[in-house]
DNA sequence: CGCATTTTTTGAACATGTTCAATAATTGAT
DNA sequence: ATCAATTATTGAACATGTTCAAAAAATGCG
């Protein structure tokens, strides 16, 4: 391993540890550099902005989420169960960062952010996040129209984004409300998605799928 | 009018004008103070953080949105039409700020923000925003179950938040995609909401309303 | 009007993200 | 090993949000 790889890894670990312990705001670049034993300028040689360090954290969390979800899916073939596993394991993966979640969210959304869930720069972590929901769908046996099934991973990811946003501002004990919402929403999806096969649902469903398709074009 | 009211108004106007012209990042407190003819410290006497100035902007935009929506509702009694009016007038009100929208969004969501749509400090602008959708619902004659009707303004506001988020990152010409999404979503709501009266929808609807009720508790 | 009190104003200083020219270290070829 | 080229490192300086003690101005009462 080259020295530079060493230095980069040192900065990354130091940043992630500090983000977890102290949150976004209290983790200054000066502090990271100091603890990593380098100069502030050197930290900028490796990571152009503080937000790029947040991206490292984001990647870490997504990996964790994917792993945990896979463990929780077990042998279940029911979409509601799988979805609940995906949602709750996501909340578990982000749990340690809840105290400073608004700070991370704000940083993530900043215009020059490397991390925005909606931006081009975050394609890898986003793909990982959507992969969780792809596996929710792939592993279920519920009868869902093919066209809906194709778009479902991303729809479920959007729902997860909503849940995450709720979680960020959830002050209940250990975010009990968010967990309850995750369970309830999973059950609701489990109820509603099979209804998509019924004839009366054809119109609204196609309307919605068209809408999503054109929004994505 | 006392001198202090004068000074506060001068700062507010200067900030809002600059936010519109230059966006969030290029509008520094030093620039605002300079153009208002005061010192930087004095600006902080009136507004504790830069975000409090963003709240003034937010209030202005919401007022504009409410006024525009009222004009656009006209004599229409159809929920899809009224909703479209509400959505599009909102996009019109925020239009001048699109170039810097991610910056404002990021600032809005910051932990210490006075502006977060989900925070206690923004109760007034949020109430105004929800009022738009209250008037969408109050003025329509579509048959919608009472319990859903009661929760609908806030649900529609959440949908509008989603639309706004889409709009922030919409790079299409004059945000044509967001406008098309607004139209399409309004039609979809117009199709789906009346279905809520049908017996088979009773289960999922109640499930959803329960979920929302418990999330809000 | 004078005066005590309160409010407003100021500008220097601070904190933190960021930049960059100069220097040091590393790398790869001979 | 030497050397040219490239990469990594540094620390001072800068930009911008924010703070605060001191001074100035405004206010209200007798």
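Protein chains in written order, with our numbering: chain H, 1 to 217; chain V, 218 to 434. Virtual Cβ for every residue (Gly too), placed ideally from N, Cα, C.
Extent of the continuous alpha helix (DSSP H) to which residue i belongs
{"i": "residue 299 of chain V", "result": "296-311"}
{"i": "residue 130 of chain H", "result": "123-138"}
{"i": "residue 403 of chain V", "result": "393-412"}
{"i": "residue 38 of chain H", "result": "First-last for residue 38 of chain H: undefined, no H or E at that position."}
{"i": "residue 69 of chain H", "result": "50-73"}
{"i": "residue 429 of chain V", "result": "419-433"}
Pick from the options that is closest to residue i, judged by C-alpha positions
{"i": "residue 76 of chain H", "options": "H/184, H/158, H/140", "result": "H/140"}
{"i": "residue 415 of chain V", "options": "V/362, V/297, V/271", "result": "V/362"}
{"i": "residue 215 of chain H", "options": "V/406, V/428, V/394, V/354", "result": "V/394"}
{"i": "residue 133 of chain H", "options": "H/147, H/66, H/42, H/33", "result": "H/66"}
{"i": "residue 25 of chain H", "options": "H/97, H/157, H/207", "result": "H/97"}
{"i": "residue 207 of chain H", "options": "V/327, V/405, V/382", "result": "V/405"}
{"i": "residue 218 of chain H", "options": "H/200, H/170, H/12, H/88", "result": "In this structure chain H extends from 1 to 217, so residue 218 of chain H is not present and cannot be described."}
{"i": "residue 325 of chain V", "options": "V/418, V/287, V/273", "result": "V/273"}
{"i": "residue 89 of chain H", "options": "H/200, H/179, H/172", "result": "H/179"}
{"i": "residue 317 of chain V", "options": "H/91, H/106, H/110, H/212", "result": "H/110"}
{"i": "residue 297 of chain H", "options": "H/173, H/28, H/82", "result": "Given that chain H is displayed from residue 1 to residue 217, the structure contains no residue 297 of chain H and the question cannot be resolved."}
{"i": "residue 275 of chain V", "options": "V/295, V/239, V/322, V/256", "result": "V/322"}
{"i": "residue 371 of chain V", "options": "V/260, V/354, V/383", "result": "V/354"}
{"i": "residue 408 of chain V", "options": "H/92, H/202, H/195", "result": "H/202"}
{"i": "residue 125 of chain H", "options": "H/64, H/71, H/3", "result": "H/64"}
{"i": "residue 70 of chain H", "options": "H/38, H/4, H/82", "result": "H/82"}
{"i": "residue 222 of chain V", "options": "V/382, V/289, V/260", "result": "V/260"}
{"i": "residue 149 of chain H", "options": "H/62, H/193, H/18, H/16", "result": "H/193"}
{"i": "residue 173 of chain H", "options": "H/152, H/162, H/95, H/157", "result": "H/95"}
{"i": "residue 359 of chain V", "options": "V/290, V/295, V/347", "result": "V/295"}
{"i": "residue 80 of chain H", "options": "H/93, H/166, H/185", "result": "H/185"}
{"i": "residue 87 of chain H", "options": "H/166, H/18, H/33, H/53", "result": "H/166"}
{"i": "residue 102 of chain H", "options": "H/147, H/35, H/129, H/23", "result": "H/23"}
{"i": "residue 85 of chain H", "options": "H/170, H/156, H/54, H/34", "result": "H/156"}
{"i": "residue 196 of chain H", "options": "H/91, H/160, H/152, H/168", "result": "H/152"}
{"i": "residue 224 of chain V", "options": "V/234, V/264, V/279, V/238", "result": "V/264"}
{"i": "residue 268 of chain V", "options": "V/232, V/429, V/310, V/398", "result": "V/232"}
{"i": "residue 352 of chain V", "options": "V/310, V/270, V/290, V/385", "result": "V/290"}
{"i": "residue 434 of chain V", "options": "H/212, H/181, H/53", "result": "H/181"}
{"i": "residue 92 of chain H", "options": "H/21, H/3, H/40, H/175", "result": "H/175"}
Chain-ordered chain V contacts of residue i [CB-CB under 8 Å]
{"i": "residue 207 of chain H", "result": "401, 404, 405, 408"}
Under 7 Å by beta carbon: chain V residues contacting residue i
{"i": "residue 109 of chain H", "result": "319, 322, 323, 326"}
Chain H residues whose Cβ lies nearer than 8 Å to that of residue i
{"i": "residue 421 of chain V", "result": "188, 191, 192, 195"}
{"i": "residue 480 of chain V", "result": "Coverage of chain V is limited to positions 218 through 434, which leaves residue 480 of chain V absent and any answer about it impossible."}
Coarse secondary structure for residue i, derived from DSSP in three states
{"i": "residue 99 of chain H", "result": "helix"}
{"i": "residue 23 of chain H", "result": "helix"}
{"i": "residue 231 of chain H", "result": "The structure shown does not extend to residue 231 of chain H, since chain H is modelled only from 1 through 217, so no value can be given for it."}
{"i": "residue 437 of chain V", "result": "Coverage of chain V is limited to positions 218 through 434, which leaves residue 437 of chain V absent and any answer about it impossible."}
{"i": "residue 323 of chain V", "result": "helix"}
{"i": "residue 14 of chain H", "result": "helix"}
{"i": "residue 361 of chain V", "result": "coil"}
{"i": "residue 164 of chain H", "result": "helix"}
{"i": "residue 198 of chain H", "result": "coil"}
{"i": "residue 43 of chain H", "result": "helix"}
{"i": "residue 4 of chain H", "result": "helix"}
Chain-ordered neighbours of residue i on chain H, where CB pairs are closer than 9 Å
{"i": "residue 431 of chain V", "result": "177, 180, 181, 184"}
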